[in-house]
Amino acid sequence: MSDFETVAASENQAARRGPSGEPGIPGQVGTPQKPRSLAGDAWRDLRRNPIFWISLTLVVLVAAMAAFPELFASNDPRNCALSRQHAGPSGGAIFGYDFQGCDIYARSVYGARASLLVGLLSALLTGIIAVVVGMLAGYFGRWIDAVLSRVIDIVLGIPLLLAAIVLLKRVSTGGPNTRLAAVIVVLAILGWTTAARVVRSSVITAKEQDYVAAARMLGAGHSRIMWRHILPNSLAPAIVVLTIALGSFIAAEATLSFLGIGLKSPTISWGIDIDAGRVHMRESATPLVVPSAFLALTVLAFIMLGDAIRDAFDPKLR
Amino acid sequence: MFRYILRRLLQMVLAFFGTTLIVYALMFAGQGDPIQALAGERPVTAAQRAYLTEKYHLDATGVGGFFYRYFDYVKNLVQGDLGESLTGRSIGQILQQAWPVTVKLALIALAVAILFGVTAGVIAGIRRASIFDNSTLLLTLLVLGIPTIVLAPLAQYFLGVKLQLFPPTAGSNPTFYALLLPGIVLGSLSLATALRLTRTSVAENLRADYVRTAKSKGLLRRRIISVHVLRNSLIPVITFLGVELGNLMSGAIITEGVFNIPGVGFNLFRAIKTEDGPLVVGIVSVLVVVYLVSNLVVDVLYAVLDPRIRYE
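Here it is, written out as C-alpha cells:
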C-alpha cells in the first residue's frame, strides 16, 4: 500500500485540460510555421490513445452513478430483509442479494458516491496544501525551502496506512458526515507530499523565466508574481499527479473502511461491502465479487487516465 | 559521504521523535481514566489505584506530565524495553513471535518480485514496443490499479476455496506452502513496479554511449546486455527493492489479516481493534525505526553502487 501518496484534481479538471489547453488547433491550419504547444501535442497523442478513451468513459460513468444513483439502480440499497438472504437475481437486483438480504447491485451503485466524494475532496485538499507549500518553498528558497523540505521528508517517511489508522482511531464519535470529513482530512494530511515536491520543482523552473523578470520589472509584488504568473505555468504536472492520486485515495478509503476504521454503516462504501462479503464467501461469492469489481474498475480508470495524460505530457517518452 | 550519513542520522532521529510523539499523544491524550480502563468493569481499590498511579507516573498531570510520561516511554524504548500490552504480555515477546513470520512472508514477496518482475522487465526493455512489452505494460497497469483488499480476498476465494490449489488460510506456525499465495499477492504490487522500473532503465541504457562503444568493439550482444547494460540498469531497481523490503516488513496488514497469518501487521490490527494503546504504540515505534533504517541503508547503498552519485 505504498502507492497512496499525492494529491488531487477532479477528473473533470484533468479531462478539460486536454481540449482547453490547446485553443488554437483550427487556427493553426492556416499558419503551419507556428509550433504546436506542449498541450496541443499532448492532446493529439491522447486522442489516438484507446486507453485514454476507455478510462475516460469509465470515469464519466462512475461520476454519473455517484451523482444520480437512482438512474442506475431501481431498488433501495438500505431495504434489506433476512428472508432474501443470498437469494438469486430477481426484480431490479441483477446480481441477487447478500447475507443481510440487501440488493448487491444497488449497494454497489450507491457506494460510488462515498468513494468519489472522498477521492475528489481529498485530492482537492491535497492540491491546496501542495500548491501552498510547494509555491512557498520553491519561490522563496533559502531557509523557508530548507524547513519545508524537511517537513516533506518527515511526512513522506511516515507509513500512510499506519498513520491513518492511528489518526482515525481518535475520531470515534460523530455522525456519518463527521466520519466522511475525518477520512478526507486524514488522507489529505498524509498524502500531500509528492504533489508538493512536484509543484516546488516546477516553481523553481518557472521563476527563472523571462516573464517573471518582466513582471518584477513592471513592479509586481511577490504575491502577484506567485499566484498570477508562476502558478498557471506550473500547475499542469501537479494536476497529472493529482489524477493518479485520486485513484489511490479511493483505494485508501476502501481499505480503511474494509479494516473497519474508515467510513461506517449506514454510509454505503465498497470497502465495507467487500469485508462483509469476504466473511460469507463460502456460502455465496457474489457479494464479494461485485463490489470488488466496482472498486477495482474505478481505481483502475483513474490510474489509467492519469497514466495516459502523463505519458502525453512527458516529451521524454515520445 | 560521512557528512551525508551524519545528516541523515540526525534527520532520522528527528523523524523518530516526531512520529512516536504523535502516535503517543493520539493514543493516550484525552482518554478517560486509564486505570479504570485497565480494570474494565471491575472495581479498583484505593491501594491498587495508588500502586498503578505511582508505577506509571499518573500523578503528574497537564502538559508537563504528558511529556514526563513520553520521555519515560522513550527511555525504556531506547533500552530495548517495549513495555507490556494491556493484557499483560510483554510487547517484546509478542514481536519476537510475530517477526519471523512477517520476515518470511516479506522475503517470499520479494523473491516473487525479483524472479518475475526483473526478468520480464529486462526482456520488455530489450524488445521495446513488441507484443511482449505492450502486454506486460498493460498487465502491470492492471496489477497497480487493483487494490489489495480486492486482490487478496479474490485470490483466496478463487485459488484457495474454489480450485483448492493453495491453503486458503495460514494459521499459527504457517508452512512455506501456506505462505506462498499470500506472498504472491503481497509481492504482485512490487513485481509490477519493479518490472516497469527495469524496463525503462534497460531501454534507456541500451541507447547509452558505452553500449555503442561496446558494439563497435565487436562484443557479443549477450555480453553487452548481461554485463554492461544489466549492471547499470539494476541500480534503481535495487534501490526500489530495498525500500520495498522495508515497506513489506512494516506489516502487510491487509494480506496478513485476510490470510490469517500471525505476523506483525496482524497483531497491530488486532491491537487497534481491541484498543490496546501500549501495544499499538510499541509496534508502531518499532516499525517506524525499521522503515527509517531501511531507507537510510538503501540511500547509502545507492551511492556505493553508483560511483556517479556523490553526496556532499
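Going line by line, the protein sequences match chains B and G. Residues in the first sequence are numbered from 1 upward in steps of one, following the numbering used here. Residues in the second sequence are numbered from 1 upward in steps of one, following the numbering used here. We put the CB at the ideal spot given by N, CA and C, even for glycine. This structure is a prediction, so every number in the text was calculated from the model and none was measured.
_The alpha helix (DSSP H) enclosing L137(G), as first and last residue numbers_ = Position 137 of the second sequence, counted from the start, is the residue given in the question as residue 137(G). Element bounds for L137(G): I131 to G145.
*Could you check the C-alpha separation between A293(B) and I238(G) for me, to the nearest Å?*
Counting from one through the first sequence, the residue named residue 293(B) turns up at place 293. Counting from one through the second sequence, the residue named residue 238(G) turns up at place 238. So the two alpha carbons sit approximately 33 Å from each other.
*Alpha-carbon spacing of P26(B) relative to N49(B), whole angstroms*: On the first sequence, position 26 is the one that residue 26(B) refers to. On the first sequence, position 49 is the one that residue 49(B) refers to. Reliability fails at P26(B), whose pLDDT of 46 lies under 50, so the model's placement of it is uncertain and the value that follows must be treated cautiously. Taking the straight line joining both Cα atoms gives about 21 Å.
*Below 8 Å between beta carbons is the criterion; list the residues of the region 243 to 269 of chain B that meet it against any residue of chain G, in chain order.*
G247, A251, A254, T255, F258, L259, G260 and I261
*Between the Cα of C80(B) and the Cα atoms of A73(B), F72(B) and I104(B), which residue gives the shortest distance?*
Here residue 80(B) refers to the residue found at position 80 when the first sequence is read from its first residue. Minimum Cα distance to C80(B) is reached at I104(B).
*Around the Cβ of T193(B), are there at least 16 other Cβ atoms within 10 angstroms (buried) or fewer (exposed)?*
The residue labelled residue 193(B) in the question sits at position 193 within the first sequence. Flag for T193(B) reads buried.
_Chain-order list of residues whose beta-carbon lies under 6 Å from that of S188(G) (same chain, five-residue window excluded)_ = Here residue 188(G) corresponds to residue number 188 of the second sequence, with the count starting at 1. Only V143 meet the Cβ criterion.
*By how many angstroms is the C-alpha of G141(B) removed from the C-alpha of D72(G)?*
Position 72 of the second sequence, counted from the start, is the residue given in the question as residue 72(G). Position 141 of the first sequence, counted from the start, is the residue given in the question as residue 141(B). Cα to Cα, the separation comes out at about 38 Å.
*Helix, strand or coil for S201(B), going by three-state DSSP, please let me know.*
Position 201 of the first sequence, counted from the start, is the residue given in the question as residue 201(B). It is helical.
*If we count the other Cβ atoms within 10 Å of its Cβ and call it buried at 16 or more, is W270(B) buried or exposed?*
What you label residue 270(B) is simply residue 270 of the first sequence in a count that begins at 1. Looking at its Cβ environment, which holds 16 or more other Cβ atoms inside 10 Å, W270(B) is buried.
*Cβ contact (3+ pairs, closer than 8 Å) linking the region 176 to 190 of chain B and the region 107 to 126 of chain B*: yes
*Does the separation of the CB atoms of F302(B) and G247(B) fall below 8 Å?*
Position 302 of the first sequence, counted from the start, is the residue given in the question as residue 302(B). Position 247 of the first sequence, counted from the start, is the residue given in the question as residue 247(B). Contact: yes.
*asked:* Our contact map puts S226(G) next to V202(G) with C-beta atoms below 8 Å; I'd like the distance itself, whole angstroms only.
replied: Mapped onto the second sequence, residue 226(G) falls at position 226. Mapped onto the second sequence, residue 202(G) falls at position 202. With 8 Å as the limit, S226(G) and V202(G) do not qualify as a contact, their Cβ atoms being about 11 Å apart.
_Alpha carbons only, please: which of V118(G), V286(G) and V258(G) is nearest the one belonging to I149(G)?_
On the second sequence, residue 149(G) is found 149 positions in, with the first residue counted as 1. With distances taken between Cα atoms, I149(G) lies closest to V258(G).
*What are the residues of the region 252 to 268 of chain G that lie near chain B, defined by any Cβ-Cβ distance shorter than 8 Å?*
I253, I254, G257, V258 and L268
*What in chain G is Cβ-close to A285(B), meaning under 7 Å?*
Here residue 285(B) refers to the residue found at position 285 of the first sequence. What A285(B) touches in chain G: Y157.
*Could you say if the region 108 to 115 of chain B and the region 199 to 206 of chain B meet the contact criterion of at least three C-beta pairs nearer than 8 Å?*
no
*If you check the beta carbons only, do L186(G) and T255(G) fall under 8 Å apart?*
Numbered from 1 along the second sequence, position 186 holds the residue referred to as residue 186(G). Numbered from 1 along the second sequence, position 255 holds the residue referred to as residue 255(G). Yes, the pair counts as a contact, with Cβ atoms nearer than the cut-off.
*Closest Cα partner of T119(G) within the set Y302(G), G246(G) and L195(G)*: The sequence position of residue 119(G) within the second sequence is 119, counting from 1. Measuring from the Cα of T119(G), the nearest candidate turns out to be L195(G).
_Bridge partner(s) assigned by DSSP for S90(G)_ = For the purposes of this step, residue 90(G) is identified with residue 90 of the second sequence, where counting begins at 1. Bridge partners of S90(G): E84(G).
_Three-pair Cβ contact test at 8 Å for the region 132 to 147 of chain B versus the region 6 to 19 of chain G_ = no
*Check whether A39(B) and N75(B) have beta carbons under 8 Å apart*: By one-based count along the first sequence, residue 39(B) stands at place 39. By one-based count along the first sequence, residue 75(B) stands at place 75. Going by C-beta atoms, A39(B) is not nearer than 8 Å to N75(B).
*What does V336(G) touch in chain B if you count any residue whose Cβ is under 9 Å from its own?*
With chain G running from 1 to 312 in the structure shown, residue 336(G) is simply not present.
*If you compare alpha carbons, which of G282(G), T45(G), N173(G) and T20(G) is closest to P100(G)?*
Indexing the second sequence from 1 puts residue 100(G) at position 100. Checked all of G282(G), T45(G), N173(G) and T20(G); the closest Cα to P100(G) is N173(G).
*Does DSSP put Y70(G) in a helix, in a strand, or in coil?*
Start at 1 with the first residue of the second sequence, and residue 70(G) comes out as number 70. Helix at Y70(G).
*Which residues in chain G sit within 8 Å of A164(B), going by Cβ to Cβ distance?*
Taking the first residue of the first sequence as position 1, residue 164(B) is located at position 164. Simply none; closest approach about 11 Å.
*According to DSSP, residues forming a beta bridge with Y97(B)*: Here the question's residue 97(B) lines up with position 97 in the first sequence. BP columns for Y97(B) point to D103(B).
_Residues of the region 296 to 316 of chain B whose Cβ lies closer than 7 Å to any Cβ of chain G, in chain order_ = A296, V299, L300, I303, M304 and D307
*Let me know the secondary structure DSSP gives S284(B) once reduced to three states.*
Indexing the first sequence from 1 puts residue 284(B) at position 284. Three-state result, S284(B): coil.
_In whole angstroms, give me the CA-to-CA distance for G117(G) and G40(G)._
Counted from its first residue, the second sequence places residue 117(G) at position 117. Counted from its first residue, the second sequence places residue 40(G) at position 40. Spanning the two alpha carbons is a distance of roughly 51 Å.
*P147(G) CB to nearest chain B CB: under 8 Å?*
By one-based count along the second sequence, residue 147(G) stands at place 147. Output row for P147(G): interface = yes.
*Rounded to whole angstroms, what's the CA-CA distance from Y177(G) to F166(G)? Just pull it up for me.*
Within the second sequence, residue 177(G) is the residue found at index 177, counting from 1. Within the second sequence, residue 166(G) is the residue found at index 166, counting from 1. Going by the C-alpha atoms only, they are around 8 Å apart.
*In the DSSP assignment, find the unbroken alpha helix (DSSP H) run with V298(G) in it and report its ends.*
Within the second sequence, numbered from 1, the residue matching residue 298(G) stands at position 298. Where V298(G) is concerned, the enclosing alpha helix (DSSP H) stretches over G277 to L305.
*Which whole runs of the beta strand (DSSP E) in the region 195 to 272 of chain B are 3 residues long or more, in chain order?*
none
*Starting from the Cα of A106(G), find the closest Cα among V243(G), G282(G) and Q48(G) and give me that residue.*
Here residue 106(G) corresponds to residue number 106 of the second sequence, with the count starting at 1. The residue with the shortest Cα to Cα distance from A106(G) is V243(G).
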